[in-house]
Amino acid sequence: MKSLIVLMVICASVVAGHWKAPRNSGMPYNATCINPKRDAGRCILVQECPIVLATIRKENLHMDDISFLYQSECGKLKRKSLVCCPNHSIGTSAAAASSEEASSSFDTSNRVDGSSTAKLDQWKLLPTPGDCGVQPSYQLFGENVTKLDEQPWTALVHFGNLPYETTFECGGALISSRYVLTAAHCVIDRSKWSNLTVRLGEWDTEATVDCIAIQDYNEFYCADPAVDVPVEKVFIHEQYARHQRPQLNDIALLRLAQPVDTTAWIRPVCLPERPVLPAADEVLILAGWGNNGC
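Mind the numbering: the sequence shown is residues -16 to -1, 1 to 278 in mature numbering (1 follows the signal peptide of the UniProt record, and there is no 0), read in order.
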């Protein structure tokens, strides 16, 4: 598993897997549904479904457990997940629980709805504060644990010789709806440009869809699938010193073939509005898909 990590700041492991799309989606509360085990049920809140609660509360979640949770999701109620709960598992207190849980203090005020998109102003070269640097989050975790949507501008750069190769050997950062900033040494080989692709909205490179179980809140949380965007043009810094050590001006811009829409999982980072040199003892943060080493 290779999940997004932030070096020098966090060491975290997550559980994820490869799953099919949910059987039900966009259903209203209390609608009839079929759960992943093909049992008839109703689309209700997680807290009303003992079988889903028992899965979330397991000490060690396995791939099958996460798959079951993801495929059980059937809709949303005030941004909280609804699950297809089999009739034999629905408790008699479900009706009472629904009014209490629907108005719970589960903090979603800073989160952008993952199903909605917004177009950045394509006439501007760079987004303005408010359109960039936003980290939407449920704010459920402590400072030392990676959030699923904590780094929505991180990008993976694929430059293999095969168009459907799944390895990614370089990272980057989305800086506008059309441009990704990366290292020049990653794209200096022009022979690889024909299959140059950027992946956005990724967290765990080994999972088709990223989900996490939030045990303290009896919830689970899934991201939209990552998207792959072809690169239209490469701009390498004109003063890139490839053969020097250290390599100076190791910077490149990748122009995407089409603009990307911002979501909870894809959002550009802000660049400094004026030249800024960090202090010699300033600690910087590097995000990427390296080895954890914890």
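Each residue gets a CB set at the ideal place from its N, CA and C atoms; glycine is no exception.
Excluding the five sequence neighbours on either side, which residues of its own chain have a C-beta within less than 8 Å of the C-beta of W177, listed in chain order?
F143, V171, V215 and V218
Do the CB positions of R183 and F152 come within less than 8 Å of each other?
yes
Residues near G25 by beta carbon distance below 6 Å, same chain, minus five either side
C17, N19, C68, C69, P70 and N71
Inter-stretch contact at 8 Å, needing at least 3 Cβ pairs: the stretch 231 to 241 / the stretch 158 to 169
yes
Apart from the five residues just before and just after T181, which ones in its own chain have a Cβ nearer than 6 Å to its Cβ?
H142, D212 and P214
Between the beta-carbon of S73 and the beta-carbon of P34, is there less than 8 Å?
yes
Is the Cβ-Cβ distance between P136 and I250 less than 8 Å?
yes
Take A14 as the anchor and find which of G155, S65 and L232 has the nearest alpha-carbon.
It is worth fixing the name first, because residue 14 is Asn in this sequence and not Ala. Measuring from the Cα of N14, the nearest candidate turns out to be S65.
According to DSSP, simplified to helix, strand and coil, what is R162?
coil
For L255 and I159, what's the separation of their Cα atoms in angstroms?
7 Å
Figure out for me which residue from P12, L29, D48 and F52 has the closest Cα to the Cα of D23.
F52
For I220, write down the residues that DSSP places opposite it in a beta bridge.
A236
For the alpha helix (DSSP H) containing P34, name the first residue and the last one.
P34 to I40
In whole angstroms, give me the CA-to-CA distance for R41 and V30.
12 Å
From A157 to A264, what does the alpha carbon distance come to, in whole angstroms?
24 Å
Note down, in chain order, each residue of its chain lying with its Cβ closer than 8 Å to the Cβ of P12, except the 5 sequence neighbours on either side.
C27 and G59
For V253, which option in L37, Y54, P111 and D48 has the closest C-alpha, if you only look at C-alpha atoms?
P111
Alpha carbon to alpha carbon, how far is A38 from C154?
40 Å
Distance between beta carbons of L132 and W273, contact taken as under 8 Å
At roughly 14 Å, the Cβ-Cβ gap does not stay under 8 Å, so W273 and L132 are not in contact.
Per-residue burial, P259 [other beta carbons within 10 Å of its own, 16 or more giving buried]:
exposed
How big is the Cα-Cα spacing for T138 and N233?
20 Å
Judging by CA-CA distance, which residue of M47, V36 and D48 is the nearest neighbour of E57?
V36
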